[in-house]
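In my numbering, the protein residues as written are 819 to 943.
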C-alpha cells in the first residue's frame, strides 16, 4: 500500500508543480482573466516560485530514506494545499478547491503511511 501512496503523492505533487509552470507561462490560466494585469502576473510568478520547487521536493521526498522528518514534511505540504483551498474558496475556483483538497488528502495519507499507520515496516525510523 505504501508504494501506491508514494506514487499517488508523486502524481499529486507533479500535478501541482505542472499547474504552476503553466501559470508561469500563461498567467490567465490561473487568474481566469482575458486581460492579465500586473498584479495577476505577480501572483502567478509568486505561486510558481513556491509550487514548482516544493511540488518536486514533496513528490520525490518519500522515496528518499529520510527517517521521521519525511512524514512531517508531507504534513506541511498538506497544510500548504489547505491554504490553497482557502484561496480557491475566496476566488470561487471550484477546480482549484477540488485539486488542492485531493492533494492535501494524498499528502496526509502518504505521511501516515510513512509513519507506519497502514501496516508498513517502520524499522528504518
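Even for Gly, the Cβ is constructed at its ideal location relative to N, Cα and C.
In summary, residue 916 is exposed, with fewer than 16 beta-carbon neighbours lying within 10 Å of its beta-carbon over all protein chains present. Going by DSSP, residue 847 is part of the alpha helix (DSSP H) stretching over 846-849. Taking residue 840 as the centre and dropping the five residues before and after it, the same chain places the C-beta of 847 closer than 6 Å to its C-beta, in chain order. Here DSSP, grouped into helix, strand and coil, assigns residue 882 to coil. The alpha carbon of residue 872 has as its nearest neighbour, out of 891, 821 and 826, the alpha carbon of 891.
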